[in-house]
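> Residue numbers (numbering that gives the first Met the number 0), protein chains in the order written: chain B, 0 to 67; chain F, 0 to 210.
Pasting in a structure now, in structure tokens, and then I'll have a few things to ask.
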Amino acid sequence: MKKIITTILLVMVTLQIFAQGQGSAVANTLEGSDKIYVVVVCVAIILLGLLFLLFSIDRRLKKIEKKS
Amino acid sequence: MGAVLVVYSTIAGFLSTAPALPILHQSIRNLYFHVPMWFSMIVLFTVSVWHSIKYLSSNNPDNDLKAVQSVNTGIVFGLLGIVTGAVWARFTWGQAWSFDVKQNFAAIALLLYFAYLVLRNAIDEEQKRAKISAIYNIFAFPMMVVLLFVLPRLSDSLHPGNGGNPGFNAYDLDSHMRMVFYPACLGWILIGYWIYSILFRVSSLEKNKLN
């Protein structure tokens, strides 16, 4: 759980970083094409978040398997 | 079932026609991803309160475990909701975090539930921990509802549905979008509930193995 929280916080920090570059290439791409890439970024974030959750569950299960 | 609905809403969310809107443009499709996150979080927190109340009346430690695990899952969904919200806001409101009332109160609501987890970790004795955190949870839930749905409506907000701004459904949630939006919400809520039940099963296994 702790690791997930730190990773998500780090993702938020990186978002802040590329939010600052007003004319950066990333921001321009996201602003273009009717902003459809904004949706792509959000879906990717959700996917990554759920994958981290899955990995953490996997790690906990491994521990249980070792004990038994 | 939930998986099917989420897959459908993701594919349809990208392919279906969306109304032409100023500023938002195609990013209105985020409605199918950002909003269901919050709905699933609220459902999971409701599950948690339900189990907290049950714990107080039955003293069954399983109910306590269920309450914690649903808060854990709910927080993950809440964080995803707030991060996707920040990304969306960056490209529609101009800033990732404009200290909008809705954003601030959503962050405070999440902090309330972080406090719940911190409180749990602070108490060593098992029964005491379960009891105190159950009571805290029952108080935190109405606070969360007030923070998310009542207070933002009282002041100006950029977020739709608050401060004189109409909700999305008032003007641009046409029948096409409803066809995707409602299955998306239901699907994500079911996925959230599924993750919560997996977490509960893992943690109850952990508990049995350790004892």
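Cβ coordinates follow ideal geometry from the N, Cα and C atoms, glycine included.
The structure displayed is predicted, hence computed values, not measured ones.
Just the chain B side, please: which residues come within less than 8 Å of residue 32 of chain F by C-beta, in chain order?
Numbered from 1 along the second sequence, position 33 holds the residue referred to as residue 32 of chain F. Scanning chain B for C-beta atoms nearer than 8 Å to the C-beta of residue 32 of chain F yields 38, 41, 42 and 45, reported in chain order.
> What's the gap between the Cα of residue 63 of chain F and the Cα of residue 63 of chain B?
What you label residue 63 of chain F is simply residue 64 of the second sequence in a count that begins at 1. What you label residue 63 of chain B is simply residue 64 of the first sequence in a count that begins at 1. About 21 Å.
> What does the alpha-carbon distance come out to for the pair residue 92 of chain F and residue 104 of chain F?
As a first step, residue 92 of chain F is located in the second sequence; it is residue number 93 there, counting from the start. As a first step, residue 104 of chain F is located in the second sequence; it is residue number 105 there, counting from the start. Going from the Cα of residue 92 of chain F to the Cα of residue 104 of chain F covers about 17 Å.
> Applying a beta-carbon distance threshold of less than 7 Å, which residues of chain F neighbour residue 74 of chain B?
Past the boundaries of the shown model lies residue 74 of chain B; chain B is included only from 0 to 67, so the question cannot be answered.
> If the criterion is Cβ atoms closer than 8 Å, does the pair residue 136 of chain F and residue 47 of chain F meet it?
Start at 1 with the first residue of the second sequence, and residue 136 of chain F comes out as number 137. Start at 1 with the first residue of the second sequence, and residue 47 of chain F comes out as number 48. In this structure, residue 136 of chain F sits near residue 47 of chain F, with a CB-CB distance shorter than 8 Å.
> So residue 146 of chain F and residue 107 of chain F are in contact, right, with Cβ under 8 Å, and what is the actual spacing, rounded?
For the purposes of this step, residue 146 of chain F is taken as the residue at position 147 of the second sequence. For the purposes of this step, residue 107 of chain F is taken as the residue at position 108 of the second sequence. Indeed, because the Cβ distance is near 6 Å, the residues count as touching under 8 Å.
> Return the chain-ordered list of same chain residues with a C-beta closer than 7 Å to the C-beta of residue 0 of chain F, the five sequence neighbours on each side being excluded.
As a position in the second sequence, residue 0 of chain F is number 1, starting the count at 1. Excluding positions up to five away in sequence, the list reads 189.
> Between F:109, F:5, F:205 and F:130, which has its C-alpha nearest residue 70 of chain F's C-alpha?
The residue given as residue 70 of chain F occupies position 71 in the second sequence. Measuring from the Cα of residue 70 of chain F, the nearest candidate turns out to be F:109.
> Classify residue 206 of chain F: buried if its beta carbon has 16 or more other beta carbons within 10 angstroms, exposed otherwise.
Within the second sequence, residue 206 of chain F is the residue found at index 207, counting from 1. So residue 206 of chain F ends up on the exposed side.
> Could you check whether the segment 180-195 of chain F touches the segment 29-42 of chain F, counting it as contact only if at least three pairs of C-beta atoms, one from each stretch, sit closer than 8 Å?
yes
> Would you please state the rounded distance, in angstroms, between the beta carbons of residue 116 of chain F and residue 72 of chain F? I believe it to be under 8 Å.
For this step, residue 116 of chain F is matched to residue 117 along the second sequence. For this step, residue 72 of chain F is matched to residue 73 along the second sequence. Residue 116 of chain F to residue 72 of chain F, Cβ: 12 Å. No contact.
> At a Cβ cut of 7 Å, what residues of the segment 61-80 of chain F count as close to chain B, listed as they run along the chain?
71, 75, 78 and 79
> Nearest CA to the CA of residue 192 of chain F: which residue from F:45, F:101 and F:27?
Taking the first residue of the second sequence as 1, we reach residue 192 of chain F at position 193. Nearest of F:45, F:101 and F:27 to residue 192 of chain F, Cα basis: F:45.
> Could you tell me the boundaries of the alpha helix (DSSP H) in which residue 119 of chain F lies?
Taking the first residue of the second sequence as 1, we reach residue 119 of chain F at position 120. Taken as a continuous stretch (DSSP letters only), the alpha helix (DSSP H) holding residue 119 of chain F covers 100-121.
> Verify the CB distance criterion: does residue 1 of chain B have a CB-CB separation below 8 Å to chain F?
Along the first sequence, read from residue 1 onward, the residue named residue 1 of chain B stands at position 2. Not closer than 8 Å to any Cβ of chain F, the Cβ of residue 1 of chain B fails to qualify, so no.
> Does the beta carbon of residue 52 of chain B sit closer than 8 Å to a beta carbon anywhere in chain F?
Translated into the one-based positions of the first sequence, residue 52 of chain B becomes position 53. Cβ-Cβ to chain F under 8 Å: yes for residue 52 of chain B.
> Measuring only between beta-carbons, confirm whether residue 98 of chain F sits less than 8 Å from chain B.
In the second sequence, residue 98 of chain F corresponds to position 99, counting from 1. So no, residue 98 of chain F is outside the interface.
> Starting from the beta carbon of residue 28 of chain F, find every residue of chain B whose beta carbon is closer than 8 Å, and list them in chain order.
In the second sequence, counting from the first residue as 1, residue 28 of chain F sits at position 29. Residues of chain B passing the Cβ test: 35 and 38.
> Terminal residues of the continuous alpha helix (DSSP H) containing residue 154 of chain F?
Taking the first residue of the second sequence as position 1, residue 154 of chain F is located at position 155. Run containing residue 154 of chain F: none; DSSP gives neither H nor E here.
> Which residues of chain B have a Cβ atom closer than 8 Å to the Cβ of residue 198 of chain F, listed in chain order?
Translated into positions along the second sequence, residue 198 of chain F becomes position 199. Scanning chain B for C-beta atoms nearer than 8 Å to the C-beta of residue 198 of chain F yields 56, reported in chain order.
> Roughly how many whole angstroms lie between the Cα atoms of residue 27 of chain F and residue 51 of chain B?
Along the second sequence, read from residue 1 onward, the residue named residue 27 of chain F stands at position 28. Along the first sequence, read from residue 1 onward, the residue named residue 51 of chain B stands at position 52. Taking the straight line joining both Cα atoms gives about 27 Å.
> Given that a residue counts as buried once 16 or more other Cβ atoms are within 10 Å of its Cβ, and exposed if not, what is residue 90 of chain F?
One-based indexing of the second sequence puts residue 90 of chain F at position 91. Classification for residue 90 of chain F: buried.
> Quick one: what's got a C-beta closer than 8 Å to residue 52 of chain F's C-beta in the same chain, skipping five residues either side?
Residue numbering aside, residue 52 of chain F sits at position 53 when the second sequence is read from its first letter. Excluding residues within five positions, the ones whose Cβ falls inside 8 Å are 133 and 137.
> If you follow the alpha helix (DSSP H) that residue 71 of chain F is part of, which residue opens it and which one closes it?
Indexing the second sequence from 1 puts residue 71 of chain F at position 72. 60-91 is the extent of the alpha helix (DSSP H) around residue 71 of chain F.
> Under the three-state reduction of DSSP, which class applies to residue 126 of chain F: helix, strand or coil?
Position 127 of the second sequence, counted from the first residue, corresponds to residue 126 of chain F. Residue 126 of chain F falls in the helix class under three-state DSSP.
> How far does the alpha helix (DSSP H) with residue 59 of chain B in it reach, from first residue to last?
To locate residue 59 of chain B, count along the first sequence from 1; it is residue 60. Going by DSSP, residue 59 of chain B is part of the alpha helix (DSSP H) stretching over 35-66.
> Just how far apart, CA to CA, sit residue 182 of chain F and residue 67 of chain B?
In the second sequence, counting from the first residue as 1, residue 182 of chain F sits at position 183. In the first sequence, counting from the first residue as 1, residue 67 of chain B sits at position 68. Those two C-alpha atoms are separated by around 41 Å.
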